[in-house]
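Inspection log for the structure reproduced underneath, given as structure tokens.
Residue numbers (our numbering): 19 to 212.
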């Protein structure tokens, strides 16, 4: 039985926090699509050591390079797809939910404003700067993935097993809902297989 889980959602919605919490709860290895992509950026000469790389001018510059060369994103996605079906993992990824079958897929929904608030606490920047970054990353990613794969990021959520609106919830509450979704999925898969 495939035990892999994918967490997706807009930028700065809390994907990493929830994925790591689920990884601990269900003994799954955690892998970030963004980290794999950062390794590629590093190979291109970008300074990627900061956690907030994607929110910096360098991160935005690499995003512009990716728009002109789809091999970066396709390479990451091929690597993640292979890991997804061969290992028990939890992966954060913008694209993977639309590219694989099986496993459990959770979408963390929420407003740009709440993502921006999280970013101000995480990266110590102003709310105006954070909101600008969140909107730009969301719009750029949406355009990029529509061009690459033809799906509507953030709009077509039919591939997800569970959608959690994070706007009025703290991280612990979101994690609890995600845990319940994974438990439910595992239980129903076990019953189906027996």
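Glycine residues also receive a C-beta, built at the ideal position from the N, C-alpha and C atoms.
Please classify residue i as buried or exposed, where buried requires at least 16 other C-beta atoms within 10 Å of its C-beta.
i, result
"residue 189", "exposed"
"residue 111", "buried"
"residue 79", "exposed"
"residue 92", "exposed"
"residue 212", "Confidence at residue 212 is low in this model, with a pLDDT of 40, below 50, so the placement of that residue should be treated as unreliable; the coordinate-derived value is given next. Exposed."
"residue 24", "buried"
"residue 58", "buried"
"residue 144", "exposed"
"residue 165", "exposed"
"residue 63", "exposed"
"residue 206", "exposed"
"residue 33", "buried"
"residue 36", "buried"
Per DSSP, which one or two residues make a beta bridge with residue i?
i, result
"residue 110", "25 and 50"
"residue 127", "183"
"residue 31", "According to DSSP, residue 31 bridges with nothing at all."
"residue 145", "DSSP output for residue 145 lists no bridge partner at all."
"residue 122", "23"
Please confirm whether residue i and residue j have their CB atoms less than 9 angstroms apart.
i, j, result
"residue 50", "residue 103", "no"
"residue 54", "residue 124", "no"
"residue 98", "residue 158", "no"
"residue 132", "residue 61", "no"
"residue 167", "residue 126", "no"
"residue 130", "residue 156", "yes"
"residue 72", "residue 52", "yes"
"residue 139", "residue 151", "no"
"residue 135", "residue 148", "yes"
"residue 113", "residue 95", "yes"
"residue 83", "residue 90", "yes"
"residue 56", "residue 48", "no"
Can you give the beta carbon distance from residue i to residue j, rounded, assuming they're within the 8 angstroms contact cut?
i, j, result
"residue 179", "residue 203", "6 angstroms"
"residue 181", "residue 175", "6 angstroms"
"residue 215", "residue 108", "Since the first residue of the chain shown is 19 and the last is 212, residue 215 is not available in this structure."
"residue 172", "residue 28", "6 angstroms"
"residue 237", "residue 42", "The structure shown has nothing for residue 237, since the chain only spans 19 to 212."
"residue 121", "residue 31", "Not really, about 20 angstroms apart at Cβ, beyond 8 angstroms."
Compute the minimum distance between the beta carbon of residue i and the heavy atoms of the ligand FMN, and state whether it is under 8 angstroms.
i, result
"residue 172", "Among the components of this structure there are no ligands whatsoever, and the ligand FMN is therefore not found."
Open item on the list: So within the region 35-87, which uninterrupted alpha helix (DSSP H) runs reach at least 4 residues, ignoring any that extend past its ends?
Closed with: 51-61 and 75-86
Open item on the list: As an exercise, report each continuous alpha helix (DSSP H) stretch of at least 4 residues that is fully enclosed by the region 152-207, in chain order.
Closed with: Runs of the alpha helix (DSSP H) lying entirely within the region 152-207 and spanning at least 4 residues: none are present.
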